[in-house]
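Before any comments, here is the structure.
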Amino acid sequence: MQPRGRSAAASRCTASISTAARGARLSEQARSLSWSAPPRAKTRRRVRCVNVRRDIPAAAERATRPHADARGMATPLLLALALALSSLAGGCAGHGGGGGGGGAPTPRSGPGAATSPHSATGSRSGGVPIDTVFIIFKENHTYDNYFATYPGGDGARRATRSNGRSIDLEPPLTDLWYPGNNHWDSAHIDYNGGRMDGFDRGEHVPIIPLVSNGPFVTYAPANGQPGGPAEYYWRLARAGVLCDHYFTAVMGPSFPNHLFAVAASSGGAISNPNLVTNRVKVLDAQGHVVSHRATFSRQEIATTLPNELEQAGLTWRYFSESARTPLAYTLDWLEDQGLGVDAIDAFHHARDFATSYITTLPDFDRNFAAQLAAGNIGNVNWIRPGAVHSEHPGISGVRAGTEWTRKLINQIGQSSYWSHCAIFVTFDDYGGFYDHVPPPQLDAFGLGFRVPCLVISPYARRGFVDHQVYEVSSILRFCEQLFGLPAMTARDAQADGFTHAFDFHQPPRPFSDFHF
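First residue of the sequence shown: 1, per my numbering; consecutive thereafter.
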């Protein structure tokens, strides 16, 4: 399926205010909270300043274990196939859609329902010196895979297999390590009712046990000090906040979790799109897995955060990095980079979609600075790397992927946005790698397994390991409370909006604290 929106045009912010005026407003807010407002550059910037109150609803209660069922195709040969296809490509490869199964779609339950999109609201009172949020969404690693030995974090270097025997998490032979599957059914086999001992069965790919430990690997240095391919993330954790109980929204692969990242719902989706049929699998209200087209109507996903931002006179951008080479185009296609959040009708028909959904900008690690300098930044910004920079197992090396993230964050940190922004770096799904913490089950869809999440900001706590339970809906809740927006579904209404990660009474920290 071709992606439904493509534009490189820079959109306009809804309000244009001088930084001097914004600084005055923030200073007035700051006096009420007894902290000093951050300094502002003496240039005009097109960004909206808002007042907020940081009230957080109670955490969601645990519910029943998700329904398990079979799911689409395994991907161990993606890279070889991509190389073969790229040798034939003279230009851009197409983008695919779809998941298998049969039967008609039915009404959703849980996070797919969103029966009352405006049932919970944030409030505008008090003052928080943040008006810009960046959400960087990487691919397919668990917390234990990157941070098993991080001091003060809830990590593990040993796993239990289905036969009851333990196994060490070994360093992988390459930072392109492919552990196995990350499908809905594989994830539930791995989970095994919360025992977390099914990874040797759920991730079983015939060749992997012959040559490797499969899912039982970690990039975390044995000595608990920054090092190895993920060293940059360790240094960010030591400077800012590492969340060691941040889980994926859906037990399974990328596509439903990407939908959650803008809507706090997957519309019931539990699979990636099938590249041939343009269909996905959904879990219906009766717990049955059925086939569904790879798009979702307003009846299935009523609204998204971009829609809510627009209604409040605020701005957004969704940056999806484009490819430059035939190989990169092919890898993007195979990893469904072309079919994502624009599969949501409400999002696709947002007023500013044509100018705010940006999919033609390559090489963010070199080119994002121009977007920052031009002011082509929204109040909330989603940043999705192309496959070759995503850290996706078997496709993108960890070291190269973290270097891409480092350059991107450095561009943000060296821009005028630093003094009033929050940056979240997280991952869409677990990728098939082992993790030892059983995810809380909030509804029939998840939570899924733990993944890393880092918080970087002038107001991020220093070297703090945050043990609070979060998921991607928590980032949405942070934005909702920051800008006084309503919750969209039960998931974001019940999520903790990172109440422990920030200290708005501390002096704003310079970016040099995070510049590595």
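Where is the CB? At the ideal position from N, CA and C, for every residue including glycine.
Those residues which DSSP pairs with A269 across a bridge: V282
Can you round the beta-carbon distance between G386 and D332 to whole angstroms, since I take them to be within the 8 Å contact cut? 6 Å
If you compare alpha carbons, which of A263, L314, S320 is closest to E300? A263
Assign N163 to one of three DSSP states: helix, strand, or coil. coil
Exposed unless 16 or more other CB atoms sit within 10 angstroms - verdict on G240: buried
Counting beta carbon pairs with one atom in the stretch 184-201 and one in the stretch 354-372, are three or more of them shorter than 8 Å? no
Is T218 closer than 7 Å to R450 when the C-beta atoms are compared? no
Do the CB positions of V250 and G446 come within less than 7 Å of each other? yes
Thinking C-alpha only, which one of E231, F502, F427, N307 is nearest M488? N307
Which runs of the alpha helix (DSSP H) fall wholly inside the stretch 198-259 and span at least 4 residues, in chain order? 199-202, 208-211, 231-239
Secondary structure of W382, DSSP reduced to three states: strand
Quick check: L305 and L442, are their CB atoms within less than 7 Å of each other? no
Straight-line Cα distance separating T174 from D200: 20 Å
Excluding the five sequence neighbours on either side, which residues of its own chain have a C-beta within less than 6 Å of the C-beta of I189, listed in chain order? G198, R201, G202
How many angstroms separate the CA atom of L204 from the CA atom of I167? Looking at the sequence provided, one finds His at residue 204 rather than Leu. Roughly 15 Å separates the two Cα atoms.
Inter-residue spacing [alpha-carbon to alpha-carbon] between T325 and F478: 37 Å
In the structure shown, what three-state DSSP assignment does D345 receive? helix
Quick test of the definition: if touching needs 3 or more C-beta pairs under 8 Å, does the stretch 349-358 touch the stretch 399-413? no
6 Å CB neighbourhood of V472 in its chain, flanking five on each side removed: A249, F260, A261
Output the boundary residues of the alpha helix (DSSP H) element that contains S186. 184-191
Around the C-beta of T315, are 16 or more other C-beta atoms found within 10 angstroms, so that it is buried, or is it exposed? buried
To the nearest angstrom, how far is the alpha carbon of Y417 from that of F296? 34 Å
Beta-carbon separation of F427 and P452 under 7 Å? yes
Nonlocal neighbours in the same chain, by C-beta distance under 7 Å from S390, ignoring five residues either side: K138, E139, S396, G401
On the three-pair Cβ rule with 8 Å, is the stretch 453-467 touching the stretch 145-163? yes
Relative to the alpha-carbon of T277, which residue among I270, L283, A294 has its alpha-carbon at the smallest distance? A294
Since W358 contacts R384 with CB under 8 Å, what's their CB separation in whole angstroms? It should be pointed out that residue 358 corresponds to Ile in this sequence rather than to Trp. With 8 Å as the limit, I358 and R384 do not qualify as a contact, their Cβ atoms being about 10 Å apart.
Assigned exposure category for Q311 - 16 Cβ within 10 Å defines buried: exposed
Going by the DSSP bridge assignment, what does F296 pair with across the sheet? I344
For the beta strand (DSSP E) that F427 lies in, which residues bound it at each end? 421-427
When DSSP labels each residue in this structure, what does A264 get in the three-state scheme? coil
Can you give me the Cβ contacts of L372 inside the same chain, cut-off strictly under 8 Å, excluding the 5 residues immediately before and after it? Q411, I412, S415, S416, Y417
Ignore the nearest five residues each way along the sequence and tell me which others in A238's own chain have a CB closer than 6 Å to its CB. According to the sequence shown, residue 238 is Arg rather than Ala. Closer than 6 Å at Cβ, skipping near neighbours: G463.
Does DSSP classify V388 as helix, strand or coil? helix
F502 versus P256 - alpha carbon distance: 28 Å
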